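Numbered as in numbering that gives the first Met the number 0, the sequence shown ends at 48 without a single skipped number. Virtual Cβ for every residue (Gly too), placed ideally from N, Cα, C. Note that the structure is a prediction, hence the values are computed from the model and not measured. Reviewing the structure listed below.
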Amino acid sequence: MNKEKEIRRLEELIKGENPAFHRWISKVKREIEKLKNEQVRKSNRQFYL
């Protein structure tokens, strides 16, 4: 019974009925992009050295 409630709650979050969750997701995505870009810059620097 409790599991079903939890699943329903997560599905609602995913569907986007929670704006705070969406802000958090986009923040995480931006962080990931930043890290990827740093990695690329580092590997480019190593490539050119």
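Cα-Cα separation, residue i to residue j
i: Arg29; j: Arg22; result: 11 Å
i: Lys41; j: Leu34; result: 11 Å
i: Glu3; j: Ile13; result: 15 Å
i: Lys18; j: Ile24; result: Note on identity: in this sequence residue 18 is Pro, with Lys being the wrong assignment. Approximately 10 Å between the Cα atoms of the pair.
i: Ile31; j: Asn1; result: 33 Å
8 Å CB neighbourhood of residue i in its chain, flanking five on each side removed
i: Phe20; result: Leu12
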